[in-house]
Structure formats: structure tokens, C-alpha cells
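Each residue of the sequence shown is one higher than the last, beginning at 1 in UniProt numbering. Even glycine gets a Cβ: it sits at the ideal position worked out from N, Cα and C. Because the structure is a prediction, the values reported are computed rather than measured.
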Amino acid sequence: MMAHCKSRQAGVAIIAVLMVAALVASVGGLLMLRQQRALQQLEIRKDTAEARAATWSVLQLVRLTLRDDARQGLPDHLLKPWAIPIPEMKVENGGLSGRLIELNGRFNLNNLLSPDGKIDELGLAAYRQLLLNLGLPAQLADALEAHWRQQQGKRAVVPQPLLELNELAQLSGYNAAVLQTLEPYVVALPARSSMNVNFVSAEVLAAYLPKLGVSRAEQVLAKRRNKYFASTDEFLEQLPAELRAEVPRELWGVKSSFFWADMGARFGVVLLQHRALLDRSKSELPTVLWMRRVY
């Protein structure tokens with residue numbers, strides 16, 4: 001009987017030892033897992049810091065590039081070095097990429113508002129035509145006009161310009177598909193701007209010159225492939241004589257002031273993509289109006 005009890009006690013002791021060992025192993029494994037996660041988080045923070053610093057460096061390089069370009073005083077066109085996207089460049093532990101997107105070739109919605117807050121009827125008619133050129137309802141222009149007139153009526157103040165294109169999503173008819181169609185052609189710049197004829201699309205040109213039509217506009221602009229327009233006069237000479245005076249001369253230009261700078265930085269497992277809006281209308285070194293992470 002005593003031998004049986006001793007055997008039973010020994011069995012219990014062995015089970016207890018095994019349970020303690022399992023608990024120790026479990027705790028040890030948990031601590032190791034936490035340590036690994038902590039190290040991973042530390043590595044991610046390090047990679048993120050490097051990516052942010054690299055992005056800022058790329059932005060400064062872009063600003064200096066545009067400054068040096070402005071000092072030359074030459075027309076801006078598709079063959080400028082800054083107009084060519086930069087493929088990813090390998091750096092230690094990662095890579096960098098970037099591109100500049102010229103914006104003076106797009107239809108600036110804020111050109112529809114004069115400085116005193118009045119709606120530019122010529123510009124509004126051009127916007128309606130642009131919508132038609134893109135296969136969209138012309139009534140979308142009425143929604144934007146109503147939005148601004150509502151501001152005038154309720155607050156008796158000057159209507160506020162759009163800060164970005166996505167604000168249109170608050171208006172009737174501007175769904176995601178519409179905004180996606182508009183994005184390559186339309187922009188909301190912080191100031192009234194001329195349109196650089198070396199970047200303007202046929203759809204936008206034909207919006208201001210509906211008698212020209214998109215097809216003929218494409219023929220006019222196709223000449224940029226061999227030689228950019230060196231001046232507004234050179235551009236106007238390519239238009240039919242009867243259309244040259246239909247749009248105010250000050251609308252056209254061959255210089256660009258506004259750009260998006262798209263920058264990508266990859267370090268380790270971290271990938272950051274930022275976009276900045278640059279303005280060089282007031283100084284040679286472009287001002288960063290905003291910068292935001294897009295991925």
C-alpha cells in the first residue's frame with residue numbers, strides 16, 4: 001500500500017515538473033516573440049525615419065532643379081529634363097523615385113472666379129465644353145456655379161476658391177468615376193493662372209475654342225513633338241486666323257508656375273509616397289504650398 005502511494009506521489013511530482021517546464025518554455029517563447037516584435041518595430045521605425053528624411057531630400061533637390069530651370073528664362077515644355085520621370089534609384093537599404101507633374105497645362109477651375117468673386121462667364125462656358133469633350137454632362141458646370149452662388153447669397157461674401165479637386169465630390173453629380181475622368185485635365189490651383197500651351201491637352205484647348213474641335217486641336221498640338229512653342233505668338237499662328245481673338249491673349253503662355261512633386265522612398269519593408277504642391281510664381285525657388293502622404 002505504501003509503495004503504491006509513493007509511486008503515485010512520484011507520478012504527481014513528475015507531472016508538476018513537466019507543467020512547470022512547459023510554463024517556463026511558454027513564458028520564454030512569449031518573451032522571445034515580444035522581443036522579436038520589438039526589434040521589428042524598432043527596425044520599421046528606423047526605416048520610416050530614413051524614408052522620411054530621404055523624401056525631404058528629394059523634395060529639396062526638386063526645388064533646386066526648378067529654381068535653376070527658372071533662371072534660364074526659357075519656355076517650359078515636354079522635353080525639359082524635369083519633365084522626365086525618375087525611375088527608382090538604388091540607395092543603401094532602399095530606393096528613391098520621383099516625378100514632376102506640370103499643372104499649368106490643365107484647366108484651372110479657380111480661373112472661373114475673378115478676384116472680386118464674380119464668375120467668369122467665358123471660363124464657365126469653356127468648362128461646360130470641356131465636360132462635353134470628356135463625355136460628361138455639361139450640367140456638372142451648373143452644380144459648381146450654384147455652389148459658388150450659394151456662398152454669395154447666404155454669406156454675402158466673396159466665394160471661396162476650391163482647395164483641391166476632391167472638393168467637387170460634395171457637389172451633385174460629381175461621383176468617383178467623374179472625378180477620375182476629370183483628374184488628368186482639371187486642377188484647382190491656389191491662384192488664377194495662364195495655360196502653358198506646351199502642356200495643354202487637345203480637350204482643354206478645344207474647350208476654349210469649340211469651333212476648333214478636339215481633332216483639329218490635336219493636329220495643332222502635334223507640332224510640339226518636333227519643336228515646342230517658343231512664344232504665345234508662335235502658338236497663335238498655328239490657329240485658324242478667325243479663332244485667334246476668341247480667347248483673351250493673357251490666358252495663354254509658355255511658362256509654368258505650378259507643379260506636383262511625386263516622391264517615393266523605399267527602405268527595408270517601408271514604402272512611403274508623398275505629393276507636394278509647388279509654386280514658383282513668386283520666387284525662383286518654389287514654395288511648398290502643401291505636402292501630404294498618399295501611400
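Asked, Found
"If you draw a straight line from the C-alpha of Leu64 to the C-alpha of Leu271, how long is it?", "24 Å"
"Report yes if the C-beta distance between Gln129 and Ala207 is below 7 Å; otherwise report no.", "yes"
"Do we get a CB-CB distance below 7 Å when we pair Leu179 with the residues of chain C?", "This model lacks chain C altogether, as it is built from one protein chain only."
"Would you mind working out which of Gly95, Leu209, Pro184 and Ala222 sits nearest Arg106, comparing C-alpha positions?", "Pro184"
"With 16 other CB atoms within 10 Å as the buried threshold, where does Asn256 fall?", "For the record, residue 256 in the displayed sequence is Ser; it is not Asn. It is buried - the Cβ of Ser256 has at least 16 other Cβ atoms within 10 Å."
"Where does Asp233 land, buried or exposed, given buried means 16+ other C-beta within 10 angstroms?", "exposed"
"Assess contact between the region 161-168 and the region 211-220, defined as three or more Cβ pairs (one per stretch) separated by less than 8 Å. Is contact present?", "no"
"Looking at C-alpha atoms only, which residue of Arg292, Ser283 and Val269 is the closest neighbour of Gly95?", "Val269"
"Could you pull the start and end residues of the alpha helix (DSSP H) that Glu218 belongs to?", "Gly213 to Leu221"
"Buried or exposed for Trp290, going by 16 or more other Cβ atoms inside 10 Å?", "exposed"
"Measuring straight from C-alpha to C-alpha, what distance separates Ala143 and Leu122?", "17 Å"
"Exposed or buried, Gly135, counting other C-beta atoms within 10 Å across all chains shown (16 or more means buried)?", "exposed"
"At which residue ranges does the region 64-150 contain complete alpha helix (DSSP H) runs of 4 or more residues, listed in the order of the chain?", "121-133"
"Does Asn175 come out as helix, strand or coil in the three-state DSSP assignment?", "coil"
"Spatial neighbours of Pro85 within its chain, please: C-beta separation below 7 Å, excluding the five flanking residues on both sides.", "Arg99"
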